[in-house]
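*Asks:* Each protein sequence line maps, in turn, to chains B and Y. Throughout the first sequence, residue numbering follows numbering that gives the first Met the number 0, covering 0 to 321 in sequence. Throughout the second sequence, residue numbering follows numbering that gives the first Met the number 0, covering 0 to 294 in sequence. Just so it is clear, CB atoms sit at the ideal spot from N, CA and C, and this is done for glycine as well. Please read these numbers as outputs of a predicted model, since none were measured by experiment. Here it is, the structure, as structure tokens.
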Amino acid sequence: MAVASDTIAAPEHSAEGRSETIAFLIMTAVLIVAPFFIYPLFLMQALCFALFACAFNLLIGYVGLLSFGHALYFGWASYLAAHAAKVWGFPPELAILTGAATGAVLGLVAGSLAIRRQGIYFAMITLALAQMMFFFALQAKFTGGEDGIQGVPRGKLFGLIDLASNNTMYALVVVIFLACFLLILRIINSPFGEVLKAIRENEPRAISLGYKTDRYKLVAFVLSATLAGVAGGTKAIVFQIASLTDVHWTMSGEVVLMTLVGGLGTVFGPVAGAFVIIAMQNYLNALESWVTVIQGVIFVVCVLLFRRGIVGEIAHLLRIKL
Amino acid sequence: MFEIFGIPSNALFSQLLIGLINGSFYALLSLGLAVIFGMLNIINFTHGAQYMMGAFMAFFLLQYAGLSYWWALIVAPVVVGLFGMIIERTMLQWLYKLDHLYGLLLTFGLALIIEGVFRNYFGSSGLPYAMPDSLRGGQNLGFMFLPNYRAWVVVASLVVCLGTWFVIERTRLGAYLRAATENPTLVRAFGINVPRMITLTYGFGVGLAALAGVMAAPIYNVSPQMGSDLIIVVFAVVVIGGMGSIMGAIVTGFGLGVIEGLTKVFFPEASNTVIFVIMAIVLLIRPAGLFGRTA
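Take a look at the structure:
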């Protein structure tokens with residue numbers, strides 16, 4: 000059965016591969032030109048969250064698992080990356096890798112607990128575990144409590160390139176983002192990714208075909224947490240701060256919102272969603288306290304009327320896969 | 000005055016009582032979540048916000064209408080319950096055929112809206128709500144001082160919880176409800192208005208949250224974010240107990256409240272996290288939850 004569906008899917012596969020390649024090239028071109036028109040700090044912030052949202056989307060979009068606690072990996076990775084760069088004197092590349100490793104380890108622990116239950120329980124477990132680690136972050140000494148870790152040095156990349164300038168930093172963030180994005184594309188389009196989609200569509204059937212679905216789910220979970228860790232680590236280096244905001248459940252909610260707005264289960268959706276939400280937060284600053292309410296309204300509108308999201312809607316209109 | 004494990008008995012029993020109070024709220028809230036989940040297949044993330052609305056309703060009633068705490072106990076759950084029914088009719092009902100997660104996302108969005116609006120008008124700091132005169136003071140039991148209001152909260156929520164259990168498990172109405180949970184199409188074929196039953200169930204679950212909010216108002220301050228952290232703990236309680244059983248939700252709620260209270264005495268640093276740790280242990284030993292029927 001698996002073989003048959005592979006051969007049937009093959010011609011369509013190359014077509015959808017083409018639209019993805021074109022979209023990827025456009026995105027890369029836009030990211031290269033963007034700093035000439037847009038403030039690089041905003042772009043870097045949006046890219047960090049775009050990567051975070053892509054990592055989250057790997058779970059919800061391709062395995063059908065709603066993790067409501069992804070701030071755990073993002074926030075703790077940014078704490079450890081900041082600590083590594085500031086206290087241990089790690090260069091930025093190693094600090095970001097420390098963040099990725101933090102995400103991987105936490106993802107392995109939380110993931111192996113959470114995949115023991117399905118559906119709605121999965122979301123509640125991930126949320127509860129993230130809340131537990133929020134309290135640890137609040138009480139632990141090295142996180143600096145309410146102040147967070149401030150004054151994190153950006154340092155020199157490989158000991159050579161000084162990252163103090165925003166333009167150099169932006170180049171590094173773009174490289175990290177594109178590399179991780181390509182990795183996600185590769186995962187999704189690999190045989191492993193096909194099994195993930197099979198689990199999303201019909202888990203009992205995947206089990207009956209002989210796949211150890213729990214193991215696939217756990218690997219996907221760890222991958223997602225690791226990439227969220229890369230995003231968190233990068234953010235700590237760029238903004239030179241790690242704080243409680245990034246481990247709070249509101250951050251978990253925000254990444255869900257970004258993915259939902261952009262389009263669940265689309266490759267480019269989370270990127271679009273992250274840019275929309277970050278732009279909204281930056282440009283609607285005057286509305287301060289109303290931002291939460293607006294976010295809530297967007298949630299409600301998206302769920303009721305706009306479930307495909309921006310990119311999903313475009314893909315549907317053009318009848319291509321994005 | 001005597002000591003247990005080096006802790007003065009007075010401190011121990013008063014923390015136990017606080018634990019029982021928190022346990023009452025956990026039980027009322029997880030009961031509401033379980034009832035709603037049974038009928039609607041939706042995890043109601045707005046539950047915390049609706050609990051907060053209950054507390055605010057009590058505050059408004061006293062402040063602007065001069066209605067006492069006793070009136071608030073009836074009026075607030077009804078008003079907030081009606082508000083819930085409007086939400087169910089206008090929004091939630093469109094999601095029943097979709098994946099569960101959309102219900103979670105929609106109710107999460109609603110919680111953000113409600114809490115955001117309250118925070119804009121009332122700020123983040125709490126508003127005081129005076130305890131009703133008739134429940135002031137307390138009894139000296141010899142080994143501890145028992146404030147009347149706290150005793151009242153524990154007894155009242157026990158009565159409400161057990162009453163709900165009785166209605167659902169032992170009456171004809173409850174039988175309809177359980178049948179509609181199992182097979183709504185068949186129950187409709189018998190001429191029972193299932194959509195109306197779903198609306199009323201949601202209203203009832205939300206009303207329970209509002210009732211918990213009214214009872215919480217004199218103990219904790221009334222504040223816009225009082226529900227959001229609580230609801231995450233209640234989610235953990237629900238994971239531990241499993242939503243399959245009404246009695247399970249009640250027992251787990253009270254039990255975890257007491258354990259949390261004890262942790263505050265013996266190991267205060269862990270009091271915020273103990274319930275989450277228990278959840279992790281339960282997931283390792285009994286993945287389906289203590290009272291869960293199937294995984």
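Does the beta-carbon of Glu181/Y have 16 or more other beta-carbons within 10 angstroms, so that it is buried, or is it exposed?
*Replies:* Here the question's residue 181/Y lines up with position 182 in the second sequence. When all chains shown are included, Glu181/Y counts as exposed.
*Asks:* So is Ile42/Y in contact with chain B if we call contact Cβ pairs under 8 Å?
*Replies:* Your numbering for residue 42/Y matches position 43 in the second sequence. At least one chain B Cβ lies under 8 Å of Ile42/Y.
*Asks:* Taking only beta-carbon positions, decide if Pro286/Y is within less than 8 Å of chain B.
*Replies:* In the second sequence, counting from the first residue as 1, residue 286/Y sits at position 287. By this cut-off, Pro286/Y is an interface position.
*Asks:* Starting from the C-beta of Ile274/Y, find all residues in its chain whose C-beta is less than 8 Å away, skip the five residues before and the five after it, and write them out in chain order.
*Replies:* Mapped onto the second sequence, residue 274/Y falls at position 275. Cβ within range, chain order: Val232, Ala235, Val236, Ile239, Leu255, Ile258 and Glu259.
*Asks:* Given a cut-off of 8 Å, decide if Gly308/B and Leu256/B are closer than it, judged by their beta-carbon atoms.
*Replies:* Locating residue 256/B in the first sequence gives position 257, counting from the first residue. Locating residue 308/B in the first sequence gives position 309, counting from the first residue. Not closer than 8 Å, so no.
*Asks:* Cβ of Gly261/B within 8 Å of Cβ of Gly272/B?
*Replies:* The residue given as residue 261/B occupies position 262 in the first sequence. The residue given as residue 272/B occupies position 273 in the first sequence. Yes, these two residues count as a Cβ contact at 8 Å.
*Asks:* Along chain Y, in chain order, which residues have C-beta atoms closer than 7 Å to that of Gly118/B?
*Replies:* As a first step, residue 118/B must be located in the first sequence, where it is residue number 119. Here the neighbours are His99.
*Asks:* May I have the straight-line CA-CA distance separating Asn9/Y from Leu97/Y, to the nearest angstrom?
*Replies:* What you label residue 9/Y is simply residue 10 of the second sequence in a count that begins at 1. What you label residue 97/Y is simply residue 98 of the second sequence in a count that begins at 1. Cα-Cα distance, rounded: 52 Å.
*Asks:* Any contact of the stretch 18-26 of chain B with the stretch 230-238 of chain B, i.e. 3+ C-beta pairs under 8 Å?
*Replies:* Contact fails: fewer than three Cβ-Cβ distances are below 8 Å.
*Asks:* Checking contacts by CB at 8 Å: is Arg118/Y closer than that to chain B?
*Replies:* Residue numbering aside, residue 118/Y sits at position 119 when the second sequence is read from its first letter. Arg118/Y counts as touching chain B.
*Asks:* Can the beta-carbon of Val221/Y be found less than 8 Å from the beta-carbon of Ala54/Y?
*Replies:* For the purposes of this step, residue 221/Y is taken as the residue at position 222 of the second sequence. For the purposes of this step, residue 54/Y is taken as the residue at position 55 of the second sequence. Going by C-beta atoms, Val221/Y is nearer than 8 Å to Ala54/Y.
*Asks:* When the Cα of Leu207/Y is compared with those of Tyr175/Y, Tyr101/Y, Ile35/Y and Leu185/Y, which residue comes out closest?
*Replies:* For the purposes of this step, residue 207/Y is taken as the residue at position 208 of the second sequence. Nearest of Tyr175/Y, Tyr101/Y, Ile35/Y and Leu185/Y to Leu207/Y, Cα basis: Ile35/Y.
*Asks:* Can you determine whether any heavy atom of the ligand SAH sits closer than 7 Å to the C-beta of Met279/B, and answer yes or no?
*Replies:* With respect to the ligand SAH, the structure offers nothing, as it holds no ligand at all.
*Asks:* Whole angstroms are fine: how far does the CA of Ser111/B sit from the CA of Met0/B?
*Replies:* The count along the first sequence starts at 1 and reaches residue 0/B at position 1. The count along the first sequence starts at 1 and reaches residue 111/B at position 112. Residue placement at Met0/B is poorly supported in this model, since its pLDDT is 34, which falls under 50; the coordinates still yield a value, given next. Approximately 30 Å, taken between the alpha carbons.
*Asks:* Check this for me: beta carbons of Tyr201/Y and Val186/Y, under 8 Å apart or not?
*Replies:* Residue 201/Y sits at position 202 when you count from the first residue of the second sequence. Residue 186/Y sits at position 187 when you count from the first residue of the second sequence. Going by C-beta atoms, Tyr201/Y is not nearer than 8 Å to Val186/Y.
*Asks:* By a C-beta neighbour count over all protein chains shown, 10 Å radius and 16 as the cutoff for buried, is Ala3/B buried or exposed?
*Replies:* Position 4 of the first sequence, counting from 1, holds the residue named residue 3/B. Residue placement at Ala3/B is poorly supported in this model, since its pLDDT is 39, which falls under 50; the coordinates still yield a value, given next. Ala3/B is exposed by the Cβ-count criterion.
*Asks:* The alpha helix (DSSP H) that contains Asn281/B, what's its start and end?
*Replies:* The residue given as residue 281/B occupies position 282 in the first sequence. Residues Gly268 to Tyr282.
*Asks:* Between which two residues does the alpha helix (DSSP H) harbouring Phe89/B extend?
*Replies:* Locating residue 89/B in the first sequence gives position 90, where the first residue counts as 1. No alpha helix (DSSP H) contains Phe89/B, which DSSP labels as neither H nor E.
*Asks:* Would you please verify whether the beta carbon of Trp289/B is less than 8 Å from any beta carbon of chain Y?
*Replies:* In the first sequence, residue 289/B corresponds to position 290, counting from 1. Chain Y contact via Cβ: present.
*Asks:* Measuring only the C-alpha atoms, how far is Pro90/B from Ala248/Y?
*Replies:* To locate residue 90/B, count along the first sequence from 1; it is residue 91. To locate residue 248/Y, count along the second sequence from 1; it is residue 249. Between Pro90/B and Ala248/Y, the C-alpha separation is close to 51 Å.
*Asks:* Can you name the start and end residues of the beta strand (DSSP E) that Gln149/B belongs to?
*Replies:* As a working mapping, residue 149/B is identified with position 150 in the first sequence. Unbroken run through Gln149/B: none, as it is neither H nor E.
*Asks:* Below 9 Å on C-beta distance, what does Ile124/B contact in chain Y?
*Replies:* If you number the first sequence from 1, residue 124/B lands on position 125. Within chain Y, the residues near Ile124/B are Phe234, Ala235, Val238, Met278, Ala279 and Leu282.
*Asks:* At what residues does the alpha helix (DSSP H) containing Gln138/B begin and finish?
*Replies:* In the first sequence, counting from the first residue as 1, residue 138/B sits at position 139. That run of the alpha helix (DSSP H) goes Gly118 to Gln138.
*Asks:* What residues in the stretch 243-260 of chain Y have a beta carbon less than 7 Å from any beta carbon of chain B?
*Replies:* Flagged: no residues at all.
*Asks:* In chain Y, which residues lie less than 8 Å from Trp75/B when you measure between Cβ atoms?
*Replies:* As a working note, residue 75/B is residue 76 in the first sequence. The premise fails here: Trp75/B is roughly 15 Å from chain Y at the closest Cβ pair, so nothing lies under 8 Å.
*Asks:* Any idea what DSSP makes of Asp228/Y, helix, strand or coil?
*Replies:* On the second sequence, position 229 is the one that residue 228/Y refers to. Reduced to three states, the DSSP call for Asp228/Y is helix.
*Asks:* Taking CB distances under 8 Å as the criterion, tell me whether Thr272/Y reaches chain B.
*Replies:* Within the second sequence, numbered from 1, the residue matching residue 272/Y stands at position 273. Yes, Thr272/Y lies at the interface with chain B (some Cβ there is under 8 Å from its Cβ).
*Asks:* Could you give the distance in angstroms between the alpha-carbon of Ala133/Y and the alpha-carbon of Phe165/Y?
*Replies:* Start at 1 with the first residue of the second sequence, and residue 133/Y comes out as number 134. Start at 1 with the first residue of the second sequence, and residue 165/Y comes out as number 166. The question names Ala, but residue 133/Y is Ser in the sequence shown. Near 29 Å, if we compare the C-alpha coordinates of Phe165/Y and Ser133/Y.
*Asks:* Which residues does DSSP list as the beta-bridge partners of Pro146/Y?
*Replies:* For this step, residue 146/Y is matched to residue 147 along the second sequence. Pro146/Y pairs with Gly137/Y.
*Asks:* For Met56/Y, decide whether its Cβ has a neighbour in chain B, counting only Cβ atoms nearer than 8 Å.
*Replies:* What you label residue 56/Y is simply residue 57 of the second sequence in a count that begins at 1. It does not; no Cβ of chain B falls within 8 Å.
*Asks:* Which residues of the stretch 235-250 of chain B have a Cβ closer than 9 Å to any Cβ of chain Y? Give them in chain order.
*Replies:* So the close ones are Trp248 and Thr249.
*Asks:* Would you report the Cα separation of Ala294/Y and Leu58/B, rounded to the nearest angstrom?
*Replies:* As a first step, residue 294/Y must be located in the second sequence, where it is residue number 295. As a first step, residue 58/B must be located in the first sequence, where it is residue number 59. Unreliable placement is indicated for Ala294/Y, whose pLDDT of 38 sits below 50; no coordinate value is reported for it.
*Asks:* Of all Cβ atoms in chain B, is any one closer than 8 Å to the Cβ of Met90/Y?
*Replies:* For the purposes of this step, residue 90/Y is taken as residue 91 along the second sequence, with counting starting at 1. Yes - at least one Cβ of chain B is within 8 Å of the one on Met90/Y.
*Asks:* In terms of residues, what are the limits of the alpha helix (DSSP H) holding Ile236/B?
*Replies:* Here residue 236/B is taken as the residue at index 237 of the first sequence, counted from 1. Note, Ile236/B: alpha helix (DSSP H), Thr212 to Phe238.
*Asks:* Measure the Cβ-Cβ separation of Ala178/B and Gly106/B and say whether it is below 8 Å.
*Replies:* Reading the first sequence from its first residue, position 179 is the one you call residue 178/B. Reading the first sequence from its first residue, position 107 is the one you call residue 106/B. Going by C-beta atoms, Ala178/B is not nearer than 8 Å to Gly106/B.
*Asks:* I'd like to know whether the C-beta of Val194/B is nearer than 8 Å to at least one C-beta of chain Y.
*Replies:* In the first sequence, residue 194/B corresponds to position 195, counting from 1. Judged by the 8 Å Cβ criterion, Val194/B is not in contact with chain Y.
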